[in-house]
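Colleague:
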Amino acid sequence: MRFFIGALLAGTLCALAPAQPTLSPAERQLNVDSFEEVWKTVRDKHWDPKLNGVDWQAVHDELRPKIDKAATMEEARDIMSDMLQRLKQTHFGILPAEAYKEIDQKDEEGKSSAGDGDPGIDVRLVDGHALITFLAPGSPAAAQGVKLGWEILRIDGKQLAPGMAKVHAALGSAMLAELIETRSVIERMEGPIDKTVDVEFLDGRNRKVNLKLARTGPRGTETVVGKLPPLHFWVEARKVQPGIGYIHFNMFFEPEAVNSAVQKIMSECRDCKGFIIDVRGNPGGLGAMAMGLAGWFTSQSGLVLGTMYLRTTSIKFAVFPRPEPFRGPLAVLVDGCSASTAEIFAGGMQDLKRARIFGTHTAGAALPSLITKLPNGDGFQYAIANYISEGGKPLEGIGVTPDQEVKLTRHQLLEGQDPVLDAAVSWIHGQ
Amino acid sequence: MNRFYIARNIAIGAAVVLSFSLARAADDLPKADTILDKFVEATGGKAAYQKHHNEISKGSLSIAAVGVKGDLTSYRAEPDKSYTEIDMGGMGKMTEGSDGKIFWQNSSMQGPHVKEGAEKTQAELSAKFNAELNWRDLFKDVKTVGTDTVDGKECYKVQLTPADGSPLTQCYDKESGLMVKMTMTAQTPMGEQTVDSFATDYRKEGDVLMPHKIKQVVAGMEMVFTVDSVTFDGDIPADKFAVPDDIKALVNKTDKK
Chain F
61 MRFFIGALLA
71 GTLCALAPAQ
81 PTLSPAERQL
91 NVDSFEEVWK
101 TVRDKHWDPK
111 LNGVDWQAVH
121 DELRPKIDKA
131 ATMEEARDIM
141 SDMLQRLKQT
151 HFGILPAEAY
161 KEIDQKDEEG
171 KSSAGDGDPG
181 IDVRLVDGHA
191 LITFLAPGSP
201 AAAQGVKLGW
211 EILRIDGKQL
221 APGMAKVHAA
231 LGSAMLAELI
241 ETRSVIERME
251 GPIDKTVDVE
261 FLDGRNRKVN
271 LKLARTGPRG
281 TETVVGKLPP
291 LHFWVEARKV
301 QPGIGYIHFN
311 MFFEPEAVNS
321 AVQKIMSECR
331 DCKGFIIDVR
341 GNPGGLGAMA
351 MGLAGWFTSQ
361 SGLVLGTMYL
371 RTTSIKFAVF
381 PRPEPFRGPL
391 AVLVDGCSAS
401 TAEIFAGGMQ
411 DLKRARIFGT
421 HTAGAALPSL
431 ITKLPNGDGF
441 QYAIANYISE
451 GGKPLEGIGV
461 TPDQEVKLTR
471 HQLLEGQDPV
481 LDAAVSWIHG
491 Q
Chain U
20 MNRFYIARNI
30 AIGAAVVLSF
40 SLARAADDLP
50 KADTILDKFV
60 EATGGKAAYQ
70 KHHNEISKGS
80 LSIAAVGVKG
90 DLTSYRAEPD
100 KSYTEIDMGG
110 MGKMTEGSDG
120 KIFWQNSSMQ
130 GPHVKEGAEK
140 TQAELSAKFN
150 AELNWRDLFK
160 DVKTVGTDTV
170 DGKECYKVQL
180 TPADGSPLTQ
190 CYDKESGLMV
200 KMTMTAQTPM
210 GEQTVDSFAT
220 DYRKEGDVLM
230 PHKIKQVVAG
240 MEMVFTVDSV
250 TFDGDIPADK
260 FAVPDDIKAL
270 VNKTDKK
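Encoded structure:
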């Protein structure tokens, strides 16, 4: 009987749902082209040439007639999603064009509309709310009285919640959605230095505050690595308390600068009780730097953080110990925006039992996972390698689970606290 | 840059590559020692090689797929001293060298590292100055294993097996006698990596003909080394081949264990 009611309700809902617009011949062709692009990309770029044992040609031959007949965008997406689901692997999926637009802040020429300035705000999603977690000292936002813990509601008149919901629904994975949504919020505030951005906040007393924020140059120095757009890199190394060294950098680039900073704080902190490496918000970068960073904290030769499996080979992330490494307690701080090399480092050090991990679950985006635009406007996400951490678990789609989970709260942020850092400091003192 | 052992600059040494596509019976093929000796003659002759006791090469490295470029300087001296520096801008520096006893590598990204075991064996082989002339001392077995086609030209495939370590395969142009391809499996701490190297743009430096462009394919990634200048018997500072302090400290630590 319950089944019958369910079926009846489903029928009623279908009747109420707006009809999907019928596609023109040109739109149908774009869907066919997209289908072929997805199929060929997986065939040619998947790290496992055996495609997880799936007869990929048979999948093509079965589904191609269906895509030819697909009468709506939804049908076409379902068919392409069905094809990818046959792989039974994470990080392969189709994002509807409207969701893809939410995360792809590019103009029609393919250039980023982000510009080179920002109001000096960093954000994290806490229970679905975009909360301010960092204000650059002296930044336009700080100067106009914006505070930690305030929630961002709108940017340039556009409400955040609906867009984030679309991305969340399309990606399915809450971990990756957090990373992508957070980046999307931050990118929306970026733009030319000579233009302002309108931001609506919810302040500490739950009042809406509308501010026109100026933009300033991003924190750090510009670095150019290969074909990547110019990036702004910064590193800070200091003692957070007497006897506790702290290293924080925003991405795994500029290895010389990271080495200099680590070397300096090491020389000042030979007798330190513990060290903290903060990779919260760190999206990764040069994978080899995970090995180099690990070498500052172990004297044991032959250690491996994990192994990356590519289509034709595998690469062990071997650790080369420095001549005088730090052997005391090591804490690594992570969050939902710690990705790629940051996860390889944190996950590997956790597996080697060399570090205790604090914070929230990482993004689960350890692989070179790409999202490209298909001919029909949808987004296509696919991974081109597999990475297994030394403990035997894949990081892709799973991420690093902290040894000690510490979640941010709006209340703590409004109070100016950093509970994740506080937990790490407390643990070091207890060792 | 070692003409005979062209894979050395990315810290990868010799190794295995099985001969495949044996197009002709071995009896029809010229002997390997004839091919290897012909290479020496084709590139200037024994006397031209023996005239020189050290070599400084300058050039660049490019990885087009990721848009990375770098400057490369290599110093080599008799009998097995070497020092190579690659500056890759935002990716930092990579150096490697040998004083004839200690073989090492240091990368801004990965840190300092002393080569041991199979990796050291390969590094020892690749550090030999004028290895072209001394292949009889370096390899216990050489044999012609077939033919291949590189850039539309046929070449003889020669498999060289060192006294210690796994074999590598080199392909010598049938007409010119020049080496055009080498395939090896590099022994690295990150695991074994198959490396295909293609040598082109042979030009004379002094009396020696040498490749000025070497394309290497590793893990599906293509790297191109371009040689801009070569100086023989130049003034190499006395400490150029000295083992860096970081490496010395690692060696001392190992010795104490």
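Keeping their order, the protein sequence lines are chains F and U. The first sequence begins at 61 in our numbering and counts up one residue at a time. The second sequence begins at 20 in our numbering and counts up one residue at a time. For every residue, glycine included, the Cβ atom is placed at its ideal position computed from N, Cα and C. Quantities reported herein were computed from a predicted structural model and do not represent experimental measurements.
1. Taking C-alpha atoms, which residue in U:T103, U:R155 and U:K232 lies nearest to U:Y261?
2. So for U:D258, helix, strand or coil by DSSP?
3. Looking at the strands, I want to know which residues DSSP matches up with F:R416.
4. Which ranges would you report for the alpha helix (DSSP H) in the segment 288-344 of chain F if only whole runs of at least 4 residues count?
5. Starting from F:L195, trace the beta strand (DSSP E) in both directions and tell me its first and last residue.
6. Whether or not the segment 194-204 of chain F and the segment 176-184 of chain F are in contact is what I'm after, with contact meaning three or more pairs of Cβ atoms, one per stretch, closer than 8 Å; do they touch?
7. Name the chain U residues that come within less than 8 Å of F:K324, Cβ to Cβ?
8. Run through chain U and tell me which residues come within less than 7 Å of F:A378, C-beta to C-beta.
9. Is the separation between the beta-carbon of F:A350 and that of F:T401 shorter than 7 Å?
10. Just to confirm my understanding: we take F:I337, look at its own chain, exclude 5 residues before and 5 after, and list those with CB closer than 6 Å. What are they?
11. Which same chain residues end up closer than 6 Å to F:D463 when comparing Cβ atoms and leaving out the 5 residues on each side of it in sequence?
12. Could you give the uninterrupted runs of the alpha helix (DSSP H) lying entirely in the segment 341-371 of chain F, keeping only those of 4 residues or more?
13. For F:S486 and F:I192, what's the separation of their Cα atoms in angstroms?
14. Among all the DSSP beta bridges, which residues are the ones paired with U:W123?
15. Can you tell which of U:T62, U:T114 and U:D156 has the C-alpha that lies nearest to the C-alpha of U:S126?
16. Closer than 6 Å: is that where the CB of F:S199 sits relative to any heavy atom of the ligand GDP?
17. Cα separation between F:T242 and U:P230?
18. 7 Å is my cut-off, CB to CB: does F:F313 come that close to chain U?
19. Leaving out five residues on either side along the sequence, give the residues of the same chain with a beta carbon under 7 Å from the beta carbon of F:I488.
20. Helix, strand or coil: which one does DSSP assign to F:E169?
21. For U:S76 and U:A96, what's the separation of their Cα atoms in angstroms?
22. Rounded to whole angstroms, how far is the Cβ of F:G476 from the Cβ of F:L208, which I believe are closer than 8 Å?
23. What does a CB cutoff of less than 7 Å around F:A378 pick up in its chain, not counting 5 residues either side in sequence?
24. Can you check whether the C-beta of U:G89 is within less than 7 Å of a C-beta belonging to chain F?
25. Kindly list, in the order they appear in chain U, the residues whose Cβ is closer than 8 Å to that of F:E316.
26. In terms of alpha-carbon separation, which member of F:H189, F:A221 and F:P200 lies closest to F:E211?
27. Report all residues from its chain with a CB closer than 7 Å to the CB of F:T461; omit the five preceding and five following residues, and keep chain order.
28. Out of F:V480, F:F95 and F:L155, which has the shortest C-alpha to C-alpha gap to F:D128?
29. For F:S374, decide whether its Cβ has a neighbour in chain U, counting only Cβ atoms nearer than 7 Å.
30. Below 8 Å, how does it come out for the segment 58-71 of chain U and the segment 80-87 of chain U: are there three or more Cβ pairs, yes or no?
31. Could you pull the DSSP bridge partners for U:G171 from this structure?
32. Could you name the residues of the same chain whose beta carbon sits closer than 6 Å to that of U:T213, not counting the 5 residues immediately before and after it, in chain order?
33. Taking all protein chains shown into account, do 16 or more other C-beta atoms lie within 10 angstroms of the C-beta of U:T62, making it buried, or fewer, making it exposed?
34. Any beta carbon of chain U sitting closer than 7 Å to that of F:R382?
35. At a CB-CB cut-off below 8 Å, which residues of chain U make contact with F:L348?
36. At what residues does the beta strand (DSSP E) containing U:H231 begin and finish?
Modeller: Taking the definition as stated:
1. Your numbering for residue 261 of chain U matches position 242 in the second sequence. The sequence shown places Ala at residue 261 of chain U, not Tyr. The shortest Cα separation from U:A261 among U:T103, U:R155 and U:K232 belongs to U:T103.
2. By one-based count along the second sequence, residue 258 of chain U stands at place 239. Looking at U:D258 - three-state DSSP - the assignment turns out to be helix.
3. For the purposes of this step, residue 416 of chain F is identified with residue 356 of the first sequence, where counting begins at 1. Paired residues: F:A391.
4. 315-328
5. Position 135 of the first sequence holds residue 195 of chain F. Per DSSP, F:L195 belongs to the beta strand (DSSP E) from H189 to L195.
6. yes
7. Here residue 324 of chain F is taken as the residue at index 264 of the first sequence, counted from 1. By Cβ distance, chain U contributes nothing, its closest Cβ being about 15 Å from F:K324, past 8 Å.
8. In the first sequence, residue 378 of chain F corresponds to position 318, counting from 1. By Cβ distance, chain U contributes P208 and M209.
9. Taking the first sequence and counting its residues from 1, the one referred to as residue 350 of chain F is at position 290. Taking the first sequence and counting its residues from 1, the one referred to as residue 401 of chain F is at position 341. Going by C-beta atoms, F:A350 is nearer than 7 Å to F:T401.
10. The count along the first sequence starts at 1 and reaches residue 337 of chain F at position 277. So the list reads I307 and V392, once near-sequence residues are dropped.
11. Position 403 of the first sequence, counted from the first residue, corresponds to residue 463 of chain F. Hits under 6 Å: R416 and I417.
12. 348-354
13. Your numbering for residue 486 of chain F matches position 426 in the first sequence. Your numbering for residue 192 of chain F matches position 132 in the first sequence. Their Cα atoms are separated by approximately 24 Å.
14. Position 104 of the second sequence, counting from 1, holds the residue named residue 123 of chain U. DSSP output for U:W123 lists U:G116 and U:V133 as bridge partner(s).
15. As a first step, residue 126 of chain U must be located in the second sequence, where it is residue number 107. Ranking the options by Cα distance to U:S126, first place goes to U:T114.
16. The model on display carries no ligand, and the ligand GDP is accordingly not part of it.
17. Mapped onto the first sequence, residue 242 of chain F falls at position 182. Mapped onto the second sequence, residue 230 of chain U falls at position 211. Cα to Cα, the separation comes out at about 50 Å.
18. As a working mapping, residue 313 of chain F is identified with position 253 in the first sequence. At least one chain U Cβ lies under 7 Å of F:F313.
19. Position 428 of the first sequence, counted from the first residue, corresponds to residue 488 of chain F. If we look at F:I488 and ignore the five residues flanking it on each side, its Cβ neighbours are I304, K333, G334, P389 and A391.
20. Within the first sequence, the letter at position 109 stands for residue 169 of chain F. Note on F:E169: pLDDT 40, under 50, position unreliable in the model; the coordinate value appears next. Residue state, collapsed to three classes: coil.
21. Residue 76 of chain U sits at position 57 when you count from the first residue of the second sequence. Residue 96 of chain U sits at position 77 when you count from the first residue of the second sequence. Computed Cα separation, rounded: 12 Å.
22. Here the question's residue 476 of chain F lines up with position 416 in the first sequence. Here the question's residue 208 of chain F lines up with position 148 in the first sequence. Rounded, the Cβ-Cβ distance is 6 Å, consistent with contact.
23. Translated into the one-based positions of the first sequence, residue 378 of chain F becomes position 318. M351 and V364, listed in sequence order.
24. Your numbering for residue 89 of chain U matches position 70 in the second sequence. Not one chain F Cβ lies under 7 Å of U:G89.
25. Numbered from 1 along the first sequence, position 256 holds the residue referred to as residue 316 of chain F. Within chain U, the residues near F:E316 are G111, K112 and S127.
26. Translated into positions along the first sequence, residue 211 of chain F becomes position 151. The shortest Cα separation from F:E211 among F:H189, F:A221 and F:P200 belongs to F:H189.
27. Looking up residue 461 of chain F in the first sequence gives position 401. Taken in chain order, the residues that qualify are H421.
28. Reading the first sequence from its first residue, position 68 is the one you call residue 128 of chain F. Selected option, being the one with the closest Cα: F:F95.
29. Numbered from its first residue, the first sequence carries residue 374 of chain F at position 314. It does: the Cβ of F:S374 has a partner Cβ on chain U nearer than 7 Å.
30. no
31. Indexing the second sequence from 1 puts residue 171 of chain U at position 152. DSSP lists no partner for U:G171.
32. On the second sequence, position 194 is the one that residue 213 of chain U refers to. These residues qualify, in order along the chain: T204.
33. Looking up residue 62 of chain U in the second sequence gives position 43. With 16 or more other Cβ atoms within 10 Å, it is buried.
34. Your numbering for residue 382 of chain F matches position 322 in the first sequence. Output row for F:R382: interface = yes.
35. As a position in the first sequence, residue 348 of chain F is number 288, starting the count at 1. It is worth fixing the name first, because residue 348 of chain F is Ala in this sequence and not Leu. Result: S126, M128 and Q129.
36. Here residue 231 of chain U refers to the residue found at position 212 when the second sequence is read from its first residue. Start and end: V227 to V237.
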